[in-house]
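> Sharing a structure below in structure tokens format, with a few things to ask.
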Amino acid sequence: MTDTGTIEIKWNSQSWRDAKDKIVMVMGYLVLGTMFLVLGLILEYVTSGALSHISWQVLTTSDTFYQGGGIYQAIVGTWMLVGVGLLLSVPPGIIGSLYIVGIAPSTRLTSVLRVFTDVLTSVPSIVIGLFGYFALVTYLGWNFSLMAGGFALSVMMLPYILRVSELSMKSIPREQVQSAYALGADDIQVAGRIYIPQALAGIMSGILLAISIAAGETAQLLYTAEWSTGLPTGLFNSPVGYLSYVVYQGENYGTYAARNLAMVAAFILIVMVLVLVFLSKIMDRLIPAISRFLNEPEKEKVAKK
Amino acid sequence: MALTPVLIIIGIVSFLFFYSYPSIFYNGSNFLTSITWYTGLQGNVVQSHGFSVQSGASFGILVFLVGTLLTSGLALLIALPASFFISISVEFYLPSRIKSILISFIELFAGIPSVVYGFWGVLFLEPILYNYIEPWMSASLGSIPVLGLVFGGQVTSGYGIIISAIILSIMIIPIITSVMTNSLDKAPKEVRESIYSMGATKWEVGRYLLSSFHKSSTWGGAMLGLGRALGETMAVWMVAGGLQGALPSSLYGTINTMAAWIASQLDSAYMDSSGMTISALAELSLILMGVSLIASVIGRRIAGRGALRGYQND
Numbered sequence: 001m002t003d004t005g006t007i008e009i010k011w012n013s014q015s016w017r018d019a020k021d022k023i024v025m026v027m028g029y030l031v032l033g034t035m036f037l038v039l040g041l042i043l044e045y046v047t048s049g050a051l052s053h054i055s056w057q058v059l060t061t062s063d064t065f066y067q068g069g070g071i072y073q074a075i076v077g078t079w080m081l082v083g084v085g086l087l088l089s090v091p092p093g094i095i096g097s098l099y100i101v102g103i104a105p106s107t108r109l110t111s112v113l114r115v116f117t118d119v120l121t122s123v124p125s126i127v128i129g130l131f132g133y134f135a136l137v138t139y140l141g142w143n144f145s146l147m148a149g150g151f152a153l154s155v156m157m158l159p160y161i162l163r164v165s166e167l168s169m170k171s172i173p174r175e176q177v178q179s180a181y182a183l184g185a186d187d188i189q190v191a192g193r194i195y196i197p198q199a200l201a202g203i204m205s206g207i208l209l210a211i212s213i214a215a216g217e218t219a220q221l222l223y224t225a226e227w228s229t230g231l232p233t234g235l236f237n238s239p240v241g242y243l244s245y246v247v248y249q250g251e252n253y254g255t256y257a258a259r260n261l262a263m264v265a266a267f268i269l270i271v272m273v274l275v276l277v278f279l280s281k282i283m284d285r286l287i288p289a290i291s292r293f294l295n296e297p298e299k300e301k302v303a304k305k
Numbered sequence: 306m307a308l309t310p311v312l313i314i315i316g317i318v319s320f321l322f323f324y325s326y327p328s329i330f331y332n333g334s335n336f337l338t339s340i341t342w343y344t345g346l347q348g349n350v351v352q353s354h355g356f357s358v359q360s361g362a363s364f365g366i367l368v369f370l371v372g373t374l375l376t377s378g379l380a381l382l383i384a385l386p387a388s389f390f391i392s393i394s395v396e397f398y399l400p401s402r403i404k405s406i407l408i409s410f411i412e413l414f415a416g417i418p419s420v421v422y423g424f425w426g427v428l429f430l431e432p433i434l435y436n437y438i439e440p441w442m443s444a445s446l447g448s449i450p451v452l453g454l455v456f457g458g459q460v461t462s463g464y465g466i467i468i469s470a471i472i473l474s475i476m477i478i479p480i481i482t483s484v485m486t487n488s489l490d491k492a493p494k495e496v497r498e499s500i501y502s503m504g505a506t507k508w509e510v511g512r513y514l515l516s517s518f519h520k521s522s523t524w525g526g527a528m529l530g531l532g533r534a535l536g537e538t539m540a541v542w543m544v545a546g547g548l549q550g551a552l553p554s555s556l557y558g559t560i561n562t563m564a565a566w567i568a569s570q571l572d573s574a575y576m577d578s579s580g581m582t583i584s585a586l587a588e589l590s591l592i593l594m595g596v597s598l599i600a601s602v603i604g605r606r607i608a609g610r611g612a613l614r615g616y617q618n619d
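Chains as they are written, first to last, in the numbering used here: chain B, 1 to 305; chain C, 306 to 619.
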């Protein structure tokens, strides 16, 4: 710690200092209250708009260019894109964090990897989208497709999963890892029996949060998945519809039908995010208990070897 | 496979650089100083400096650069004191039982998709700003001599600088607040208690911790928030009003940002058969990436790597 500054208290003005303390308290409550008001207004606006237009038909029919119809293909498309994104980002995320924590905690390569992970977190999403358009859509010739959109999402999810699983792997006691190695376990055994089971809670809650963020992304998908009024026919060459685009078009397209669909889409997105965040909080508590239970026999097996 | 992040970054930079190469040579320094973005006459491809380009084309991003810095700066100006007050009241004034609930509520803001913020901004916030708040600001604050230079001007719509800054600040308050409450939690108990024992009020303790003792996390958090605001695309695109070819004339004017411009122009860039418009967009996105990376990387450096458990750019 370098310069920590000084604190000056003028003793002669006690009443003014107390008044200032009260003023700050009121200011703090006001700002906090405003934030809650804003959150409440957004939720109220979207919910009341959505509840008067949501129906079984809206959820189960596909879009007909805003002349009515529904958002079935967008709901399914969002999950398809997120699914492809997960398939592409979870394996490198977990292997990367295993490498950083387990194999090479303090080499130069690891610090380079850390810096690049941080850099990747801060690349603006539209830049990822443009890169996806150049590299995947045109250069690799995937066209607007599930694969291109999912890849663009995975670029955003990867550093997130990497960092969250790195954090939870770091909290595993070193003695446990070292004794496993001392008993002759190899890297893969240590990864599969110690790192991954013990860090599972963190990894799972990280994945859930990554899904919640990816589901609401738009800018990466505009020029990689584009938009479609039907379900994609394959991984490549077939554009995909997704919920956040419906929300965007609700403002852009300007018809009441579009706006009503957008309300429903925004409502579904917000509910999805809330559920995922809630699940990830539960996961943080629940999985450690389960994995502790499951890990007992595992440890014995390692010990018997 | 552990090297994936490195490969992706190298891929992004090299693809963008490869595509922006013609634009860098064709536009030169004009790119940063000109306010004109004209893709040229359609279908009239000529050769210039060895690159094919539509005749009359000229690409300058000054408007978007100014717009990005202005909206993000204003957003930070709103968000920094707001987060300061929020974290101090959560940490010192409110009962500690509800602290974690409050913090998770504030983190919910980070979970709301940016396109929903934009949608809400257009349909709910814009009419209120246009009909009530901005005319009042212009009439009352605008007539005060010195403040009038900033707040004076004609209100023509609710879109533009003010609404963008408000929406951006709502989006970055959770980030800055999270860094600040983290740093308040990390402060050694001894420090806190010794200041109290000298008779300091809660506000004095909080101010000392955030502005002196943990100065670095406070500024780091602010830089991280700024980095998020600079790269924000959808919400700003929807509420900015799409200014082009001129600098904003007053606080109530419309505006445009680099991210919003990239998002809105790729469709029309396909029409340019010479490819120069696409190239200019690639150069613009290189600059945008540079600006927002600098802010975020500096922020992370100052605040320390563990300051934030992962918020994403949009």
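The C-beta atom is built at its ideal place from N, Cα and C for all residues, glycine as well. This structure is a prediction, so every number in the text was calculated from the model and none was measured.
If you compare alpha carbons, which of B:169, B:74, B:19, B:224 is closest to residue 60 of chain B?
For the purposes of this step, residue 60 of chain B is taken as the residue at position 60 of the first sequence. Here the closest residue by C-alpha is B:74.
> Measure the alpha-carbon distance for residue 545 of chain C versus residue 199 of chain B and round it to whole angstroms.
The residue given as residue 545 of chain C occupies position 240 in the second sequence. The residue given as residue 199 of chain B occupies position 199 in the first sequence. Residue 545 of chain C and residue 199 of chain B: Cα-Cα distance of roughly 43 angstroms.
> Could you work out which residue in B:238, B:230, B:237 is closest to residue 71 of chain B when comparing CA atoms only?
By 1-based counting over the first sequence, the position of residue 71 of chain B is 71. Here the closest residue by C-alpha is B:230.
> So, is the C-beta of residue 617 of chain C closer than 8 angstroms to a C-beta in chain B?
Residue mapping note: residue 617 of chain C aligns to position 312 of the second sequence, counting from 1. With a pLDDT of only 36 at residue 617 of chain C, under 50, the local geometry of the prediction cannot be trusted, and the value read off the model is given with reservation. Residue 617 of chain C counts as touching chain B.
> With 8 angstroms set as the bound, which would you pick, yes or no: does the beta-carbon of residue 166 of chain B sit closer than that to a beta-carbon of chain C?
By 1-based counting over the first sequence, the position of residue 166 of chain B is 166. Chain C contact via Cβ: absent.
> Mapping DSSP to helix, strand and coil, what is residue 77 of chain B?
Reading the first sequence from its first residue, position 77 is the one you call residue 77 of chain B. If DSSP states are grouped into helix, strand and coil, residue 77 of chain B belongs with the helices.
> How many Å lie between residue 140 of chain B and residue 155 of chain B at the Cα?
In the first sequence, counting from the first residue as 1, residue 140 of chain B sits at position 140. In the first sequence, counting from the first residue as 1, residue 155 of chain B sits at position 155. If I take the Cα positions, the gap works out to 17 angstroms.
> Could you tell me whether any Cβ in chain B is nearer than 8 angstroms to the Cβ of residue 400 of chain C?
As a position in the second sequence, residue 400 of chain C is number 95, starting the count at 1. Taking Cβ atoms only, chain B never reaches closer than 8 angstroms to residue 400 of chain C, which makes this a no.
> Exposed or buried, which one is residue 223 of chain B when buried takes at least 16 other CB atoms within 10 Å?
Walking along the first sequence from the start, residue 223 of chain B turns up at place 223. With 16 or more other Cβ atoms within 10 Å, it is buried.
> Within the continuous alpha helix (DSSP H) that includes residue 390 of chain C, where are the two ends?
As a first step, residue 390 of chain C must be located in the second sequence, where it is residue number 85. That run of the alpha helix (DSSP H) goes 367–393.
> Tell me, please, whether the CB atom of residue 124 of chain B is closer than 8 angstroms to any CB atom in chain C?
Within the first sequence, residue 124 of chain B is the residue found at index 124, counting from 1. Yes, residue 124 of chain B counts as interfacial toward chain C.
> Residues in the segment 426–446 of chain C with C-beta within 8 angstroms of chain B's C-beta atoms, listed in sequence order?
So the list reads 427, 428, 429, given in the order they occur along the chain.
> Measure how close the beta-carbons of residue 247 of chain B and residue 265 of chain B come, nearest whole angstrom, since I'm counting them as under 8 angstroms.
As a first step, residue 247 of chain B must be located in the first sequence, where it is residue number 247. As a first step, residue 265 of chain B must be located in the first sequence, where it is residue number 265. Indeed, because the Cβ distance is near 5 angstroms, the residues count as touching under 8 angstroms.
> Using DSSP bridges, identify the partner residues of residue 69 of chain B.
Position 69 of the first sequence holds residue 69 of chain B. Answer is B:63.
> Against chain C, with Cβ distances strictly below 8 angstroms, would residue 251 of chain B count as a contact?
Position 251 of the first sequence, counting from 1, holds the residue named residue 251 of chain B. Interface residue, yes.
> With 16 other CB atoms within 10 Å as the buried threshold, where does residue 31 of chain B fall?
The residue you call residue 31 of chain B lines up with position 31 of the first sequence. It counts as buried.
> Could you check where the alpha helix (DSSP H) with residue 347 of chain C kicks off and where it finishes?
Counting from one through the second sequence, the residue named residue 347 of chain C turns up at place 42. First-last for residue 347 of chain C: undefined, no H or E at that position.
> Per DSSP, which residues does residue 359 of chain C bridge with? Please list them.
The count along the second sequence starts at 1 and reaches residue 359 of chain C at position 54. DSSP, once it has assigned bridges, lists C:350 as partnering residue 359 of chain C.
> Run the CB neighbour count on residue 369 of chain C, radius 10 Å, all protein chains shown included, and call it buried at 16 or more, exposed below.
Counting from 1 along the second sequence, the entry for residue 369 of chain C is found at position 64. It is buried - the Cβ of residue 369 of chain C has at least 16 other Cβ atoms within 10 Å.
> Under 7 angstroms between beta-carbons, which chain B residues line up against residue 416 of chain C? List them in chain order, please.
Along the second sequence, one-based indexing puts residue 416 of chain C at 111. Under the 7 angstroms cutoff, chain B gives 212, 273, 277.
> Can you tell which of C:502, C:479, C:522, C:473 has the C-alpha that lies nearest to the C-alpha of residue 492 of chain C?
Position 187 of the second sequence, counted from the first residue, corresponds to residue 492 of chain C. Of the candidates C:502, C:479, C:522, C:473, the one whose C-alpha sits nearest the C-alpha of residue 492 of chain C is C:522.
> DSSP state of residue 364 of chain C, grouped into three classes?
As a working note, residue 364 of chain C is residue 59 in the second sequence. Correct three-state label for residue 364 of chain C: strand.
> Any Cβ of chain C within less than 8 angstroms of the Cβ of residue 17 of chain B?
Reading the first sequence from its first residue, position 17 is the one you call residue 17 of chain B. Yes, residue 17 of chain B lies at the interface with chain C (some Cβ there is under 8 angstroms from its Cβ).
> Which residue wins for smallest C-alpha separation from residue 175 of chain B, given the options B:88, B:194, B:152, B:81?
For the purposes of this step, residue 175 of chain B is identified with residue 175 of the first sequence, where counting begins at 1. Out of B:88, B:194, B:152, B:81, B:194 has the C-alpha closest to the C-alpha of residue 175 of chain B.
> How should residue 396 of chain C be labelled, buried or exposed, when 16 other C-beta atoms within 10 angstroms of its C-beta is the threshold for buried?
To locate residue 396 of chain C, count along the second sequence from 1; it is residue 91. Buried: at least 16 other Cβ atoms inside 10 Å.
> Spell out the partners DSSP gives residue 560 of chain C in its beta bridges.
The residue you call residue 560 of chain C lines up with position 255 of the second sequence. Paired residue(s): C:546.
> Between the Cα of residue 598 of chain C and the Cα atoms of C:541, C:537, C:578, which residue gives the shortest distance?
Numbered from 1 along the second sequence, position 293 holds the residue referred to as residue 598 of chain C. Comparing Cα-Cα distances from residue 598 of chain C to each of C:541, C:537, C:578, the minimum goes to C:537.
> Name, please, each residue of chain B whose Cβ falls closer than 9 angstroms to the Cβ of residue 543 of chain C.
The residue you call residue 543 of chain C lines up with position 238 of the second sequence. What residue 543 of chain C touches in chain B: 248, 251, 252.
> In the DSSP assignment, the alpha helix (DSSP H) including residue 140 of chain B goes from what residue to what residue?
As a working note, residue 140 of chain B is residue 140 in the first sequence. Premise fails: residue 140 of chain B is in no alpha helix (DSSP H) and is neither H nor E.
> Here's a check: name, in chain order, each residue in its chain whose Cβ is nearer than 7 angstroms to the Cβ of residue 380 of chain C, leaving out the five neighbours to either side.
Looking up residue 380 of chain C in the second sequence gives position 75. The answer, listed in chain order, is 470, 473, 474, 477, 534.
> Helix, strand or coil: how does DSSP classify residue 16 of chain B here?
Taking the first sequence and counting its residues from 1, one reaches residue 16 of chain B at position 16. In the structure shown, residue 16 of chain B sits in a helix (DSSP, three-state: H, G or I).
> For residue 38 of chain B, which residues in chain C fall below 7 angstroms Cβ to Cβ?
In the first sequence, counting from the first residue as 1, residue 38 of chain B sits at position 38. Result: 475.
> Can you tell me where the alpha helix (DSSP H) holding residue 585 of chain C begins and where it ends?
As a first step, residue 585 of chain C is located in the second sequence; it is residue number 280 there, counting from the start. Residues 581–608.
> Can you list, in chain order, the residues of its chain whose CB lies under 8 angstroms from that of residue 57 of chain B, leaving out five sequence neighbours each side?
Counted from its first residue, the first sequence places residue 57 of chain B at position 57. Once the five neighbours on either side are set aside, the close Cβ partners of residue 57 of chain B are 70.
> Is residue 202 of chain B a contact residue of the ligand GTP, with contact defined as CB to any heavy atom under 7 angstroms?
For the ligand GTP, the structure offers nothing, since it holds no ligand at all.
> Give a yes or no on whether the C-beta atoms belonging to residue 389 of chain C and residue 514 of chain C are separated by under 8 angstroms.
Here residue 389 of chain C corresponds to residue number 84 of the second sequence, with the count starting at 1. Here residue 514 of chain C corresponds to residue number 209 of the second sequence, with the count starting at 1. Result no, Cβ atoms of residue 389 of chain C and residue 514 of chain C do not sit closer than 8 angstroms.
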